[in-house]
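Just below is one structure, and these are the notes that go with it.
Residue numbers (our numbering): 4 to 270.
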């Protein structure tokens, strides 16, 4: 069963109205210079995970992705879908889980997946590259066991754990779900966790420069990824409080970042 998300009070919401006013001022003040930020001024490791992935929302996203992957694997096992029909979604979800687990492992706060983050990341990364149903079943069984493992290593942002294609496909799925709610102007809170999911996946993309950028554009690739991460978190803030005025603007900012990145790197 897919977990249900219930927004929780947060420390940064000393006053929702005051915070949203402050956020609006932030965009007015920062947006003109945002595009001019030098990529050398910051690195993916600079930001604490709390700044873009509140730990309880990250935990929710991990559970939601595992739940969805369980449905896909069960359908494959039952024979209601073929490997060819389900491979893309299995690869996509596995890649998301790999990144989420990596974020959990490097998070400055604790969540139940932190102790097993390394083995989850490694196994989900393998499942994201499975070549057959038989291979996928073996890795799926291994991934299920890894959820309760207690193995701690030294995770790092510089390690690519999922393909750019799979991460971008998941970001696109989340973006479409959010856009649907934003256009309808209701149910914004229900898709708020997806914005955190996108923020985490963009952070994961910072490690994909070997696959997606040339030696001279590594810093540029990482800067675009970090902008997407930041935009995802700002979108989460307004979605979670059901702000129907600011959410479309923040979604547009995220989409603008994606368009610029696609234009620059032809991805």
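For glycine and all other residues, C-beta sits at the position ideal for the given N, C-alpha and C.
>> Suppose you measure from the CA of residue 250 to the CA of residue 238; what does that come to, to the nearest Å?
In response: 6 Å
> To which residues of the same chain is residue 169 closer than 7 Å at the C-beta, ignoring the five residues directly before and after it?
Replying inline: 94, 95, 98 and 131
> Per the contact definition of three or more C-beta pairs closer than 8 Å, is the region 182 to 192 in contact with the region 141 to 159?
Replying inline: no
> Should residue 103 be labelled buried (16 or more other beta-carbon atoms within 10 Å of its own) or exposed?
Replying inline: buried
> Roughly how far, in whole angstroms, is the beta-carbon of residue 121 from the beta-carbon of residue 108, given that I think they are within contact range, below 8 Å?
Replying inline: 6 Å
>> Assuming the contact rule is C-beta atoms closer than 8 Å, residue 201 and residue 174 should be a hit. Round their C-beta distance to whole Å, please.
In response: 5 Å
> Beta carbon of residue 61, beta carbon of residue 199: below 8 Å?
Replying inline: yes
> Roughly how many angstroms lie between the CA atoms of residue 123 and residue 146, to the nearest whole one?
Replying inline: 6 Å
> What is the C-beta distance between residue 245 and residue 191, in whole angstroms, given that I count them as a contact (C-beta under 8 Å)?
Replying inline: 5 Å
>> My output table needs one value for residue 170: the three-state DSSP class, helix, strand or coil.
In response: helix
> Straight-line CA distance for residue 293 to residue 233?
Replying inline: Given a span of 4 to 270 for the chain in the structure shown, any question on residue 293 remains unanswerable.
>> My parser needs the beta strand (DSSP E) runs of 3 or more residues fully inside the region 160 to 207; what are they?
In response: none
>> Can you look up residue 109 in the DSSP assignment and give me helix, strand or coil?
In response: helix
>> Here's a check: name, in chain order, each residue in its chain whose Cβ is nearer than 7 Å to the Cβ of residue 197, leaving out the five neighbours to either side.
In response: 177, 180 and 181
> Going by the beta-carbon positions, is the gap between residue 6 and residue 206 smaller than 8 Å?
Replying inline: no
> Which whole-angstrom value describes the C-beta separation of residue 68 and residue 128, a residue pair presumed to lie in contact below a C-beta threshold of 8 Å?
Replying inline: Actually they are not in contact, since the Cβ atoms of residue 68 and residue 128 sit about 14 Å apart, beyond 8 Å.
> Where do the N-terminal and C-terminal ends of the alpha helix (DSSP H) with residue 116 fall, by residue?
Replying inline: From DSSP, residue 116 is part of no alpha helix (DSSP H); its letter is neither H nor E.
> residue 65 to residue 71, Cα distance in whole Å?
Replying inline: 10 Å
> Taking C-alpha atoms, which residue in 193, 51, 264 and 117 lies nearest to residue 221?
Replying inline: 264
> Under 8 Å between the Cβ atoms of residue 89 and residue 80?
Replying inline: no
> Unbroken alpha helix (DSSP H) runs of length 4 or more, entirely within the region 44 to 85: which are they?
Replying inline: 58 to 81
> Considering only residues of the same chain and omitting the five flanking positions on each side of residue 231, which have a CB-CB separation below 6 Å?
Replying inline: 205 and 260
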